[in-house]
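Visitor: After the structure tokens below, expect a handful of questions from me.
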Amino acid sequence: MKQARILPIADMKKLKVDTFCVTVATTSHIRVNNQRWFFRGCHECSFKADGNEPPFICRKGHSTSDPLIKYKLDVEVFDGDDTVKFVFWDNTLDELLGMTAKTLLAKQIQRGLGDPQEYPECIDDIMERKFAFRVKWSASWGGQASVIFCKDSKELIDKIQEQLPVAESTCKDIETIMEEDVAVIESPTVQKMTQSDIDKFASLDDSILSIPNISAETEVSASSHKTPAKRSAAKNIQIEVTNLES
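Position in the sequence shown (first residue = 1) + 5 = this note's numbering.
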């Protein structure tokens, strides 16, 4: 059994070991890096398939002309004055953006924007929004977290925030189940949030995880003031070196 801890960002950043956490934070802007917003994956293993054109070859020597296209988006999030990097993957961005990375890349290419250094404008729509997060904190990678699930339900956010002051002082542990034992399924939207619901969110319960994000119910228009000039790594922006096998 894994243990999840309800922690604010400030306490999360103090963790010295990899830890599953539940928190509330607001997305700020894209953290531009050398891996851009997607990567090509090998069909036969979990590694990245390298190359600028087919065939793409992974570190194990597997070759493919039709690699998997997967999201990997580094985003700075904040909680008060504390900031940290959260890494978003397919499991959250497929829903938040309403399409797979493969579909979005195809749309970019159709618009003549196939340069992987160009960040799609639709990504701006998930910035400056508050979410309830369940993440895996990776102390070994310099202090960052991989997003497992996130929901922008106000009721859920409020309930978790009620526990944050307690969590800050006592680091309350919540029993959770292994991710590989969880299958997210379609089910009716949960309208009322109780303490039990919060515990279910921490343990990846399907009845909570199936709550649609607001973005899935309402079309959000792009805002011109969100992440200006932060979509292109080709501009004079410091690039972060990241590792996909974290």
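Here a beta-carbon is modelled for each residue, glycine too, at the ideal position from N, C-alpha and C.
Taking all protein chains shown into account, decide if Gln8 is buried (16 or more other Cβ within 10 angstroms of its Cβ) or exposed.
Guide: Along the sequence shown, one-based indexing puts residue 8 at 3. The residue in question, Gln8, is exposed, as its Cβ has fewer than 16 Cβ neighbours within 10 Å.
Visitor: If you draw a straight line from the C-alpha of Glu184 to the C-alpha of Gly103, how long is it?
Guide: Within the sequence shown, residue 184 is the residue found at index 179, counting from 1. Within the sequence shown, residue 103 is the residue found at index 98, counting from 1. Note that Glu184 scores a pLDDT of 38, beneath 50, so its modelled location is shaky; the value from the coordinates is reported in the next line. Rounded to whole angstroms, Glu184 to Gly103 spans 23 Å at the Cα level.
Visitor: Comparing C-alpha positions only, which one of Thr108, Lys65, Asp84, Ile62 sits nearest to Ile14?
Guide: For the purposes of this step, residue 14 is taken as the residue at position 9 of the sequence shown. Checked all of Thr108, Lys65, Asp84, Ile62; the closest Cα to Ile14 is Asp84.
Visitor: Relative to the alpha-carbon of Arg41, which residue among Phe93, Trp142, Met132, Lys164 has its alpha-carbon at the smallest distance?
Guide: Numbered from its first residue, the sequence shown carries residue 41 at position 36. The shortest C-alpha separation from Arg41 is found at Phe93.
Visitor: Evaluate contact between the segment 87-101 and the segment 143-158, counting only Cβ atoms and requiring at least three cross-stretch pairs below 8 Å.
Guide: Contact holds: three or more Cβ-Cβ distances are below 8 Å.
Visitor: What do you get for Val22, buried or exposed, if any count of 16 or more other CB atoms within 10 angstroms of its CB means buried?
Guide: Counting from 1 along the sequence shown, the entry for residue 22 is found at position 17. When all chains shown are included, Val22 counts as exposed.
Visitor: Just how far apart, CA to CA, sit Asp129 and Phe43?
Guide: Translated into positions along the sequence shown, residue 129 becomes position 124. Translated into positions along the sequence shown, residue 43 becomes position 38. Approximately 15 Å, taken between the alpha carbons.
Visitor: Keeping to the same chain, check which residues put their C-beta closer than 6 Å to that of Thr105; ignore five residues upstream and five downstream.
Guide: Position 100 of the sequence shown, counted from the first residue, corresponds to residue 105. Taken in chain order, the residues that qualify are Asp99.
Visitor: Given a threshold of 16 other Cβ atoms within 10 Å of its Cβ, counted over all protein chains shown, does Lys65 qualify as buried or as exposed?
Guide: Position 60 of the sequence shown, counted from the start, is the residue given in the question as residue 65. Exposed: under 16 other Cβ atoms inside 10 Å.
Visitor: Pick out whichever of His34, Thr88, Leu161, Leu101 has its Cα sitting closest to the Cα of Lys19.
Guide: If you number the sequence shown from 1, residue 19 lands on position 14. Comparing Cα-Cα distances from Lys19 to each of His34, Thr88, Leu161, Leu101, the minimum goes to Thr88.
Visitor: Looking at Lys90: is its Cβ nearer than 7 Å to the Cβ of Arg134?
Guide: On the sequence shown, residue 90 is found 85 positions in, with the first residue counted as 1. On the sequence shown, residue 134 is found 129 positions in, with the first residue counted as 1. Contact: no.
Visitor: Please list, in chain order, all residues of the same chain as Glu81 whose beta carbon is under 7 Å from its beta carbon, the five residues on each side excluded.
Guide: If you number the sequence shown from 1, residue 81 lands on position 76. So the qualifying residues of the chain are Ser33, His34, Arg36, Thr88, Lys90.
Visitor: How far does the beta strand (DSSP E) with Gln149 in it reach, from first residue to last?
Guide: Within the sequence shown, numbered from 1, the residue matching residue 149 stands at position 144. Element bounds for Gln149: 149-156.
Visitor: With a threshold of 16 other CB atoms inside 10 Å of the CB of Thr28, please say whether the residue is buried or exposed.
Guide: Numbered from its first residue, the sequence shown carries residue 28 at position 23. That one is buried.
Visitor: Count the other CB atoms, across all protein chains shown, that sit within 10 Å of the CB of Ser51; report buried if there are 16 or more and exposed otherwise.
Guide: Taking the first residue of the sequence shown as position 1, residue 51 is located at position 46. Ser51 is exposed by the Cβ-count criterion.
Visitor: Looking at the strands, I want to know which residues DSSP matches up with Glu81.
Guide: For this step, residue 81 is matched to residue 76 along the sequence shown. Note: Glu81 sits in a beta bridge opposite His34, Lys90.
Visitor: Would you report the Cα separation of Lys3 and Val140, rounded to the nearest angstrom?
Guide: The requested residue 3 is not part of the displayed model; the chain covers only 6 to 251.
Visitor: Could you tell me if Gln115 is buried or exposed, where buried requires 16 or more neighbouring beta carbons within 10 angstroms of its beta carbon?
Guide: Position 110 of the sequence shown holds residue 115. When all chains shown are included, Gln115 counts as exposed.
Visitor: Is Glu133 helix, strand or coil when you go by DSSP?
Guide: Reading the sequence shown from its first residue, position 128 is the one you call residue 133. In this structure, Glu133 counts as coil in the three-state DSSP scheme.
Visitor: Using the beta-carbon count (16 or more within 10 Å), is Ser158 buried or exposed?
Guide: Here the question's residue 158 lines up with position 153 in the sequence shown. Label assigned to Ser158: buried.
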